[in-house]
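Q: This is the structure I want to talk about, given as C-alpha cells.
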Amino acid sequence: MKRFMRVSKIMLLAVGLAVVSSCDDFLDVNTNPNNLPTSGVQYILPGAELGVGFVMGNTVQLVSSLWMQQMAGTGTQSDPYDRYSIGPADLNNEWNTIYANLLDDLRQVRVQGREEGNFVHAGMAGVLEAYVWTVTTDIWGDVPFQQALSFDAAPNPEYDPQQQVYANIITMLDEAITDLGKTNVIAASEGDLIYGGVVDKWIRVANSLKLKIYLQSRKKDAATATARINELITLNKFITSNADNFNVPFFSSSGAQNPLYMYNHLTRPNDMIVSTRFLDSMQVLNDPRLPAIITQTGGNYVSYDNGQHTVLNFTAANRSRWGLYIVGRGQTAANGTVNVAVANDQAPMRLITAYMVNYWLAEAALTLGTTGDPAVLYQQALETNFSDISTFLGPTFTPANFSANATAYISSRVAAFTANPTTEGKLNVLIRDKWVSSAGNAYEAYNDYRRTGYPRLALPQNALAGVNRIPTRWPYVQNEIQANSENVPLKDYPAGFLVPVWWME
C-alpha cells in the first residue's frame, strides 16, 4: 500500500506520553518505560490530539493541495494523484486510521471520561471527534456513523446519509459543550496539548465548527442555516483571536514533527512543488503572503504545471516548496529557505482559526444575509490571517515591509470586493483570498471550491481518462468494498468520485 506517511496508534500514544512528560514532568526518571500508565483519559487524549494533526497534515492535506492546485505533483505517488489517478486501494490506510485509531480513541475518552467523572476531558474528546467526523463525511460523503466503532456487533456497518451525519455531529457538539461545563476529577489541563484544559477555548471551537457546518449546508436549507448562524452570532462564542486558534502543536522530537515539514523537506523533497496557478495568482496581485508561504530558490520562485507529467531536470533544492509559515521557522537566509538542520520550531496544524471564522461569517453575511457587514468581516479575515503570519514568524523571519505591504494589500482587496456589483463577483474575491489563507490546510479550500465554485480552476494536464471535473469526493476504499460491499455506495471508479456530496447539490 502506497501512502505518504504511516500514522501508528502506538507511535501516537508514545509520542503523546513523551510530550506530556517533557511538558509536565509527570513521570519520574526511574519509571519503567514498559509500565507506562496508558488507561487514564489524560494519557489517551494527547496521542489522539496529535493523531488528528497528523491525519489532517498528511494525505488529507496533500491530496487537497494537489486538487486545489496550490501544489503540483512531481513524484511517483503525487504525480498520479495530481491527475486524479487515486483509486480505492490508495486510501485504505487513511480510512483505517480514522476509524480504528482516531475515532475509536476519542470515543473511548468520551465514554470513559463520563464514567470516571472527568467530564471536561469527555467534552474535549467530543469536540475532536465531531471535527474528525466532519472531515470524514466531507471527503467521502455518506459514511458509517450510527453502527461505526461497534466492531463486534456491527462488523459490516451501514452507511448513513451525509445529511444525517451532519445532524449527529451537531448533537455531539451540543453534548460536548454540556460536558465541558461540568466538573472534572483530575485537572482539566492534564493531557491537553492544544489548550491546556482552558474550557472556554474548547467551547469556542465547538461553536466555530457549528458555524462551518451550517454554512456548508446553506444550499440545502438556507432558512435553517441563516437562523442557526444568527443564533451563534448572538451567542458570540467563536474563535475570534489568533490566541484561541484550534491548532495541533508539533515538536522537534522525531515522530512529532510537522508532517508537511517531514514530507516536503525531509523524506520526499522531490515529490511536490508549488503550482504555477497558485504562484501566478499570488504574484499578479502582489500578495505579501507569498514569501511566508512558499520558499524561493536563488532569489526566484520555481513552479510546475499541475499534471505536467514530465521528468524534472532540477533538484529538490531548486524548486519552491511549502515555506516557513506552513512548516516551521528554521532558515539560513532572508529568502525564506527552510533549513532542515535548524527547523525545529515546528509550525502547528491549523484546524480552525480566527481568520477562517471571519471568512465563514463574511460568506454567510454575503450569501445568506446573516448579521454583519460582509466587507468588514472580509477585512477582518485578512487582518487576522496576516497577523497570525507575522506573529508566528516573529521579527527575525517576517519578510521585509510585511506590515506596510499587508495594509496596502488588504485595502486594495476590500476595495475590489466592495466595488464588485454582484454577489457572485464578491464571493469570487472573498474565496480567492481564502484559498491562499488555506495554505497548509487545503481541505478547507476543497470544501470552499465544492460549495462555491471558487477559485476558478482548470483541469490539470493529462487528467485521468473519464474525469471531466475536479473530483467531488474521495473514492470509497478497497477494504470496505471487499468486506462490506452490500453497504458501500458508489463503488464504480472513477465515476463514483464525480458524484457531488449532499451539501453541494
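Position one of the sequence shown corresponds to residue 0 (numbering that gives the first Met the number 0), numbered consecutively onward. For each residue, glycine too, the CB sits at the ideal point set by N, CA and C.
With H, G and I counted as helix, E and B as strand and the rest as coil, what does DSSP make of isoleucine 272?
A: In this structure, isoleucine 272 counts as strand in the three-state DSSP scheme.
Q: At what residues does the beta strand (DSSP E) containing asparagine 206 begin and finish?
A: That residue, asparagine 206, is in no beta strand (DSSP E); its alpha helix (DSSP H) goes 198 to 215.
Q: Tell me whether threonine 133 is buried or exposed, calling it buried when 16 or more other Cβ atoms sit within 10 Å of its Cβ.
A: By the 10 Å Cβ count, threonine 133 comes out buried.
Q: Roughly how many whole angstroms lie between the Cα atoms of tryptophan 359 and leucine 90?
A: Rounded to the nearest angstrom, the two C-alpha atoms are 29 Å apart.
Q: Measure the alpha-carbon distance for aspartate 173 versus glutamine 460 and round it to whole angstroms.
A: Using only the alpha carbons, I get a separation of about 45 Å.
Q: Per DSSP, tryptophan 321 forms a beta bridge with which residues?
A: DSSP, once it has assigned bridges, lists Ile293 as partnering tryptophan 321.
Q: With DSSP collapsed to three states, give me the class of valine 142.
A: DSSP places valine 142 in strand when its eight states are reduced to three.
Q: List the residues that DSSP assigns as beta-bridge partners of alanine 71.
A: Its beta-bridge partners are Ile272.
Q: Closest to alanine 399 by C-alpha separation, out of Thr182, Ala187, Pro160 and Ala291, would be which residue?
A: Alanine 399 has its Cα closest to that of Ala291, out of Thr182, Ala187, Pro160 and Ala291.
Q: According to the neighbour-count rule (16 or more other Cβ atoms, all chains shown, within 10 Å of its Cβ), is glycine 368 buried or exposed?
A: It counts as exposed.
Q: Could you give the residue range of the alpha helix (DSSP H) that holds leucine 44?
A: Counting along the chain, the alpha helix (DSSP H) containing leucine 44 begins and ends at 40 to 56.
Q: Evaluate the contact criterion for the segment 426 to 444 versus the segment 373 to 385: three or more CB pairs, one atom per stretch, below 8 Å.
A: Result yes; three or more Cβ-Cβ pairs closer than 8 Å.
Q: Would isoleucine 193 pass as a contact of asparagine 246 if the rule is Cβ separation under 8 Å?
A: In contact: isoleucine 193 and asparagine 246 (Cβ atoms closer than 8 Å).
Q: Does the separation of the CB atoms of threonine 73 and tyrosine 303 fall below 8 Å?
A: Yes, Cβ-Cβ distance for threonine 73 and tyrosine 303 is below 8 Å.
Q: Compute the distance between the beta-carbons of arginine 82 and leucine 497, then report whether it is under 8 Å.
A: No, Cβ-Cβ distance for arginine 82 and leucine 497 is not below 8 Å.
Q: Here's the rule: buried if 16 or more other CB atoms are within 10 angstroms of the residue's CB, otherwise exposed. What is glutamate 559?
A: There is no way to answer for residue 559, as the model of the chain reaches only from 0 to 504.
Q: So, for arginine 227: in the same chain, excluding its five sequence neighbours on each side, which residues have a beta-carbon less than 8 Å away from its beta-carbon?
A: Same-chain partners within the cutoff: Lys209 and Tyr213.
Q: Leaving out five residues on either side along the sequence, give the residues of the same chain with a beta carbon under 7 Å from the beta carbon of isoleucine 169.
A: Around isoleucine 169: Lys209 and Ile212.
Q: Over the uninterrupted alpha helix (DSSP H) stretch that includes arginine 227, give me the two end residues.
A: Looking at the DSSP string, the run of the alpha helix (DSSP H) that includes arginine 227 is 221 to 234.
Q: Taking the alpha-carbon positions, what's the asparagine 486 to arginine 450 distance?
A: Answer to the nearest angstrom: the Cα atoms are 27 Å apart.
Q: Per the contact definition of three or more C-beta pairs closer than 8 Å, is the segment 61 to 80 in contact with the segment 264 to 281?
A: Contact holds: three or more Cβ-Cβ distances are below 8 Å.
Q: Which stretch, first to last residue, makes up the alpha helix (DSSP H) that contains methionine 261?
A: It is not in any alpha helix (DSSP H) - methionine 261 carries neither H nor E in the DSSP assignment.
Q: Are the CB atoms of threonine 471 and proline 499 within a distance shorter than 8 Å?
A: Cβ distance < 8 Å, so proline 499 and threonine 471 count as in contact.
Q: Tell me which residues share the same chain as tryptophan 139 and place their Cβ nearer than 7 Å to its Cβ, disregarding the 5 neighbours each side in the sequence.
A: The residues are Arg472, Trp473 and Tyr475.
Q: Shorter than 8 Å from the beta carbon of phenylalanine 144 to some beta carbon of chain B?
A: Among the chains in the structure shown there is no chain B, since it carries only a single protein chain.
Q: If you scan the segment 91 to 117 from start to end, which runs of the alpha helix (DSSP H) of 4 or more residues do you find wholly inside it?
A: Fully enclosed alpha helix (DSSP H) runs of 4 or longer: 91 to 95 and 103 to 115.
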